[in-house]
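Going by numbering that gives the first Met the number 0, the first residue of the sequence shown is number 0, and it counts up by one from there.
Just so you know, even glycine gets a beta-carbon here, dropped at the ideal spot from N, CA and C.
Model, not experiment: these values are computed from the prediction.
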Amino acid sequence: MTSKPFYVTTAISYPNGAPHIGHAYEMIATDAIARWKRLEGREVYFLTGTDEHGIKMVQTAAAQGVTPRELADKNSAEFRKLAETLNVSNDDFIRTTEQRHHEASQAIWTKMAAGNNGDIFQSTYKGWYSVRDEAYFDEAELTEKDGKKLAPTGAEVNWVEEPTYFFRLSAYQQKLLDLYETNPDFIAPKERRNEIISFVKGGLQDLSISRTTFDWGIPVPGAEGHVMYVWVDALTNYITGVGFPDEGSELFKKFWPADLHVIGKDIIRFHTVYWPAFLMSAGIEVQHRVFAHGFLTVDGQKMSKSLGNVIDPFELVEEFGADAVRYFFLREVSFGNDGDYSNEKLTLRVNADLANNLGNLAQRSLSMINKNCDARVPTPGALSDADNAITAEVTEAIEAAQKAMDEQLVHEATGAIITALSSANNYFAAQEPWALKKTDPARMATVLYVTADAVRRLTIPMLAFVPASAARLLDQLGVPAENRTLADSKIPGLLAAGTELPVPQGVFARIDRKAE
Ligand code: ME8
0 MTSKPFYVTT
10 AISYPNGAPH
20 IGHAYEMIAT
30 DAIARWKRLE
40 GREVYFLTGT
50 DEHGIKMVQT
60 AAAQGVTPRE
70 LADKNSAEFR
80 KLAETLNVSN
90 DDFIRTTEQR
100 HHEASQAIWT
110 KMAAGNNGDI
120 FQSTYKGWYS
130 VRDEAYFDEA
140 ELTEKDGKKL
150 APTGAEVNWV
160 EEPTYFFRLS
170 AYQQKLLDLY
180 ETNPDFIAPK
190 ERRNEIISFV
200 KGGLQDLSIS
210 RTTFDWGIPV
220 PGAEGHVMYV
230 WVDALTNYIT
240 GVGFPDEGSE
250 LFKKFWPADL
260 HVIGKDIIRF
270 HTVYWPAFLM
280 SAGIEVQHRV
290 FAHGFLTVDG
300 QKMSKSLGNV
310 IDPFELVEEF
320 GADAVRYFFL
330 REVSFGNDGD
340 YSNEKLTLRV
350 NADLANNLGN
360 LAQRSLSMIN
370 KNCDARVPTP
380 GALSDADNAI
390 TAEVTEAIEA
400 AQKAMDEQLV
410 HEATGAIITA
420 LSSANNYFAA
430 QEPWALKKTD
440 PARMATVLYV
450 TADAVRRLTI
460 PMLAFVPASA
470 ARLLDQLGVP
480 AENRTLADSK
490 IPGLLAAGTE
500 LPVPQGVFAR
510 IDRKAE
């Protein structure tokens with residue numbers, strides 16, 4: 000175990016609309032990672048928030064007859080509420096319209112412009128811009144449909160021509176390639192790393208980083224009429240969140256460089272090309288790692304307002320509960336790949352793993368303890384081969400989960416825990432403690448102890464995934480709050496014999512969906 004602090008972030012979302020399940024998914028996965036690190040005993044700082052500037056916000060607000068500020072206020076509050084609703088353990092929630100962020104963005108700009116390298120210069124931008132992506136595209140990247148030019152993302156592009164500031168990105172090609180080379184874990188998953196390396200090898204053009212045709216943004220220091228290109232300010236949120244420009248602050252010294260930026264695959268270029276280049280230019284250490292997760296579809300289809308299949312994450316939690324929703328995404332979607340949501344899949348997954356597997360084992364063993372062992376953790380006798388085998392399997396599962404979580408393979412970690420729980424169920428069924436009640440009560444006590452201790456050990460890691468339910472289950476097992484770390488889960492036999500236990504109550508309800 001290491002006590003090295005751990006700084007993890009999500010992307011900050013555009014509050015041009017209410018949050019959807021893609022946003023919920025990113026929060027949930029990042030929260031599982033943050034909680035896991037805390038279980039490891041590390042001091043964690045977890046940042047999420049909203050990205051409120053840019054032309055997209057201006058246009059959406061205009062269409063709704065409100066100001067960009069009003070639009071941002073309304074929807075940012077929804078994102079904040081989403082984090083609470085999902086039981087996300089973020090330490091801070093940043094809004095890019097806050098004063099602290101204006102200061103940080105102007106400070107990084109000044110550093111990029113200053114001194115020896117002078118990476119910022121004035122020129123005229125002429126080219127294509129996609130408002131939906133808030134991104135510039137080369138002519139060669141575009142396709143045409145119904146007389147409209149489209150970006151590779153399918154979004155419409157417009158021709159823009161304006162005097163802007165540029166960032167000398169072209170000067171960073173070799174430095175970036177060196178960064179990827181010396182830090183093989185900088186970009187995950189691996190396929191994404193290869194894509195980015197070949198993109199950078201293909202050559203980098205200087206990047207237009209200010210706009211003059213609207214004013215909803217952070218003013219460029221000393222350049223009237225220019226606001227920063229939204230991505231310059233957006234990426235800077237990650238250092239604002241830990242106290243930049245005060246690089247001497249406790250928070251900054253402790254947590255920067257970030258250990259991990261969790262983002263979606265559509266914005267990987269911004270995070271693995273632009274962001275490290277900006278940081279290098281400003282003389283700030285580069286983040287350690289970027290993990291790009293996949294995209295969610297619904298019933299096999301892309302989410303879209305016109306298809307009417309956009310899922311409201313608040314409704315989902317209302318119907319199934321936060322832990323069921325969290326668990327589904329963490330177990331079902333292999334992290335880094337695309338995933339699909341459907342009510343049926345959620346129901347099957349949650350019933351199989353949480354209700355029938357973990358819930359059932361806990362309830363059956365705890366009920367027997369309640370009835371037959373005076374409602375106290377029983378005292379085990381000598382251990383049989385079967386007892387030792389299941390105990391060893393639990394140890395291996397926790398180690399496998401740890402290894403998976405070291406690389407953010409959340410689905411593998413949950414999978415390892417669930418597989419061990421199935422084995423524990425098989426062990427329990429094979430040992431038939433209910434039959435031992437009359438024939439060999441001492442052996443019954445041992446089987447119940449071994450089972451309850453396996454449940455304890457496998458429930459501790461579940462605190463990262465289904466925090467509220469796992470905590471309730473550990474309460475029922477009489478596990479004190481300070482004994483709920485991964486270190487505790489790795490050691491068998493810590494369940495204290497003689498501990499008085501409450502009357503067990505089912506923690507994981509089966510989802511019973513009537514035909515709709
Ligand atoms: O990109 N499935 O904001 P955003 C999974 N403001 N993830 C999805 C998704 C889906 N269907 N749709 C979006 C932005 N996401 C910028 C980020 S960071 C300095 C600035 C993910 O609201 C997306 O990939 O469009 C991104 O990581 C996050 O949700 C916010 O997306």
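Helix, strand or coil: how does DSSP classify residue i here?
i	result
residue 431	coil
residue 325	helix
residue 292	strand
residue 227	strand
residue 515	For residue 515, the predicted structure reports a pLDDT of 46, less than 50, and the residue's modelled location is therefore unreliable. The matter cannot be settled from this model.
residue 249	helix
residue 0	Residue placement at residue 0 is poorly supported in this model, since its pLDDT is 44, which falls under 50; the coordinates still yield a value, given next. Coil at residue 0, not helix or strand.
residue 339	strand
residue 312	helix
residue 41	coil
residue 297	strand
residue 370	helix
residue 147	strand
residue 217	coil
residue 277	helix
residue 365	helix
residue 408	coil
residue 56	helix
residue 203	coil
residue 421	helix
residue 266	helix
Can you round the beta-carbon distance between residue i and residue j to whole angstroms, since I take them to be within the 8 angstroms contact cut?
i	j	result
residue 483	residue 473	6 angstroms
residue 91	residue 240	6 angstroms
residue 464	residue 340	No, residue 464 and residue 340 are not in contact; Cβ-Cβ is about 17 angstroms, not under 8 angstroms.
residue 15	residue 55	5 angstroms
residue 369	residue 503	6 angstroms
residue 205	residue 248	At roughly 32 angstroms, the Cβ-Cβ gap does not stay under 8 angstroms, so residue 205 and residue 248 are not in contact.
residue 295	residue 358	Not really, about 26 angstroms apart at Cβ, beyond 8 angstroms.
residue 171	residue 276	4 angstroms
residue 345	residue 323	7 angstroms
residue 50	residue 12	6 angstroms
Based on DSSP bridge pairs, tell me the residues matched to residue i.
i	result
residue 48	93
residue 127	136, 158
residue 164	121
residue 9	261
residue 499	375
residue 473	DSSP, once it has assigned bridges, lists no residue as partnering residue 473.
residue 210	226
residue 243	Residue 243 is not bridged to any residue.
residue 186	289
residue 334	336
Can you tell me where the alpha helix (DSSP H) holding residue i begins and where it ends?
i	result
residue 25	20 to 38
residue 395	384 to 405
residue 454	440 to 461
residue 199	189 to 200
residue 270	Taken as a continuous stretch (DSSP letters only), residue 270 belongs to no alpha helix (DSSP H), as it is neither H nor E.
residue 80	67 to 84
residue 494	Counting along the chain, residue 494 falls outside any alpha helix (DSSP H), and DSSP gives it neither H nor E.
residue 177	172 to 181
residue 105	98 to 112
Would residue i and residue j be called neighbours here (beta carbons separated by less than 8 angstroms)?
i	j	result
residue 410	residue 334	yes
residue 164	residue 121	yes
residue 47	residue 89	yes
residue 423	residue 453	yes
residue 278	residue 272	no
residue 264	residue 291	yes
residue 516	residue 495	Residue 516 lies beyond the range of the chain shown here (0 to 515); nothing can be said about it.
residue 100	residue 107	no
residue 5	residue 43	yes
residue 209	residue 229	no
residue 20	residue 310	yes
residue 23	residue 85	yes
residue 224	residue 211	yes
residue 95	residue 129	no
residue 456	residue 397	yes
What residue does the beta strand (DSSP E) around residue i start on, and which one ends it?
i	result
residue 262	259 to 263
residue 144	142 to 144
residue 506	From DSSP, residue 506 is part of no beta strand (DSSP E); its letter is neither H nor E.
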